Amino acid sequence: MNVLLIAGHGNGDSGAIGNGYEEAELTREFAVLLKENLKSFCNVTLADTNRNWFEFLGSNNYDFSKYNYVLEIHFNSGGGSGSEIFVTTAESGITVENEILKNLCNCVKYHNRGVKRKDFRVISKIKSQGVCSALLEVCFIDNSNDIEIYQKNKNKLATAVAKGIATGFNLKYISDKNSPHSTDVSEKAKDAIDWCSKYNILPPDIISDMDDQKILLCIGLYNTVKFLAEHI
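Set out below in structure tokens:
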């Protein structure tokens, strides 16, 4: 599974401005956080953050065919509140987007504004190549409550979005091949990690940031429940 993350605006375009923040800065911040959380489930690429992809795709072509899913990140403005996602009118399903919003909004009690359809340039260009794409409006930059919640919970929100993508695509936790435990402990613990993730035994941020101690915790929980199931 190959996912591409695109941070909206930039290269001279600040995007929306509110409460002392610029959208272009926040989209890049959140894209980095999301990549760090999502890479535990799939291959993740962060598109060139020095580029304004809306402007670039207005006069240039780009091959998105090597990706299975592309998520463009934005922050909303205009006096509202909450989170929403846009897909193109050509998109057949919205299961993944619903999972993203459900996880994102539930973790901090943002208002779920739903999945909407609109043919924005970037996601339309991507969809025209047969690649599923969506535009996420994390929250309203000009809403003081929204942005305060974001600043206090940004990593938690990134974890929630990553979990939503993983759930929507039915992705399983994958270990870091460069980790010292990747060929030993991780292989032995794969069932335990998957089990803890499947049944939400541990928080998503624990599952998505595994080290030896956390893997051993998964194994311990898994073995305890397995023992009880076999002997009760």
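Its first residue numbered -9, the sequence shown is counted upward by one per residue in the numbering used here.
Where a beta carbon is used, it is the ideal one built from N, C-alpha and C, also for glycine.
Please read all numbers here as calculations on a predicted model, not as lab measurements.
Asked                                                                                                                                           : Found
In three-state terms, what does DSSP make of residue 41?                                                                                        : coil
What residue ranges within the region 99 to 127 form continuous alpha helix (DSSP H) runs of no fewer than 4 residues, ordered along the chain? : 111 to 117
Could you spell out where the beta strand (DSSP E) holding residue -4 opens and where it closes?                                                : -8 to -3
If distances are taken between C-alpha atoms only, which option among 44, 59 and 21 comes closest to residue 119?                               : 59
Which residue from 6, 80 and 142 puts its Cα closest to that of residue 63?                                                                     : 6
Does residue 3 come out as helix, strand or coil in the three-state DSSP assignment?                                                            : strand
Residue 93: which of -4, 17, 164 and 158 sits nearest, CA to CA?                                                                                : 158
I think residue 28 touches residue 65, with their Cβ atoms under 8 Å apart; what is that distance to the nearest whole Å?                       : Not a contact, Cβ separation roughly 19 Å.
Going by DSSP in three states, residue 214 sits in which element: helix, strand or coil?                                                        : helix
In angstroms, rounded to a whole number, what distance separates the CA positions of residue 30 and residue 152?                                : 9 Å
What is the DSSP secondary structure of residue 9, counted as helix, strand or coil?                                                            : coil
Out of -5, 25 and 69, state which residue places its alpha-carbon closest to the alpha-carbon of residue 137.                                   : 69
Assign residue 15 to one of three DSSP states: helix, strand, or coil.                                                                          : helix
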